[in-house]
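Trainee: Residue numbers for the sequence shown, in the numbering used here: 234 to 400.
For every residue, glycine included, the Cβ atom is placed at its ideal position computed from N, Cα and C.
My structure is below; once you've seen it, I'll send some questions.
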Amino acid sequence: MNSEKNNDLKPTAKLVLMGLVAAMYVALTSSFGFGIVQFRMSEMFNHLAAFNKRYIVAVTLGVVIANSFQSPYGMIDVVVGSLQTLVMTSLAYFCTRKVKNTITKLTITTVISTLMMWVIAVEIMYMTKAPIAFWPTYGSLMVGELASMVLGGIIIYFISKRIDLTR
């Protein structure tokens with residue numbers, strides 16, 4: 234897509250799209266999205282950052298809201314989880330912005346999102362003060378994130394065939 238086409242949405246429409254993504258993130262975040270074992274289907278929205286940088290803010294806002302209302306770790310999770318998402322989706326955007334192949338974009342985003350779960354592993358170890366080893370916690374979080382991202386990647390792939398996510 235050329236840059237003219239990418240800018241044809243009005244600012245209000247861009248804001249509405251961001252709000253919808255943030256709201257969908259919150260709606261898809263369940264009680265399985267917190268703790269040592271996590272499965273957050275809402276993490277699939279991380280893939281959107283590979284298509285348009287506006288979704289970095291949208292997904293981060295979704296994390297802020299979801300963690301504010303649901304996290305057992307309180308404000309620390311709001312801050313740490315949101316900053317982790319901001320960094321993770323920004324990395325995904327910068328690493329994929331010149332990639333044309335959709336499957337490659339989704340793969341890169343999946344790898345980045347999965348590896349970045351180390352931040353949440355450290356946070357959980359700090360918050361629980363439990364004698365939990367880092368690697369098992371990180372491994373568990375990685376498995377949940379990988380499952381969410383792969384399943385979500387399949388969904389986003391088919392959506393991207395019908396909707397221009399770069400707009």
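For Lys-338, which option in Ser-301, Thr-399, Leu-253 has the closest C-alpha, if you only look at C-alpha atoms?
Mentor: Thr-399
Trainee: Let's see if you can read the secondary structure: which residues bound the alpha helix (DSSP H) around Phe-339?
Mentor: It is worth fixing the name first, because residue 339 is Leu in this sequence and not Phe. Start and end: 335 to 348.
Trainee: So, at 7 Å on beta carbons, what are the nonlocal neighbours of Glu-326 in its own chain, with the 5 sequence-adjacent residues on each side left out?
Mentor: Rather than Glu, the amino acid found at residue 326 in this sequence is Tyr. Cβ within range, chain order: Ala-282, Ala-283, Lys-286, Ile-289.
Trainee: Could you name each continuous alpha helix (DSSP H) segment of 4 residues or more that falls completely within the stretch 247 to 325, going from the start of the chain to the end?
Mentor: 287 to 303
Trainee: Please report the straight-line C-alpha distance between Lys-238 and Pro-369, rounded to a whole angstrom.
Mentor: Low confidence applies here, because Lys-238 scores a pLDDT of 47, under 50, leaving its location unreliable; read the following figure in that light. Answer to the nearest angstrom: the Cα atoms are 46 Å apart.
Trainee: Going by other Cβ atoms of all chains shown within 10 Å of its Cβ, with 16 needed for buried, is Ala-354 buried or exposed?
Mentor: Using a 10 angstroms sphere on the CB of Ala-354, the tally of other CB atoms reaches 16 or more, which defines it as buried.
Trainee: Using CA atoms only, rank isn't needed, just tell me which of Arg-273, Tyr-258, Ser-323, Ile-388 is closest to Met-375.
Mentor: Arg-273
Trainee: Output the distance between the C-alpha atoms of Cys-328 and Ile-345, rounded to the nearest integer angstrom.
Mentor: 9 Å
Trainee: Return the chain-ordered list of same chain residues with a C-beta closer than 8 Å to the C-beta of Gly-386, the five sequence neighbours on each side being excluded.
Mentor: Answer for Gly-386: Met-277, His-280, Leu-339, Thr-340, Thr-342, Thr-343, listed in chain order.
Trainee: Do the CB positions of Met-257 and Ala-291 come within less than 7 Å of each other?
Mentor: no
Trainee: Please go through the stretch 345 to 383 and give each complete alpha helix (DSSP H) segment of 4 or more residues, from N-terminal end onward.
Mentor: Listed in chain order, the complete alpha helix (DSSP H) runs (minimum 4 residues) inside the stretch 345 to 383 are 351 to 361.
Trainee: Throw me the rounded Cβ distance for the Ser-275 and Leu-261 pair, which I believe falls under 8 Å.
Mentor: 4 Å
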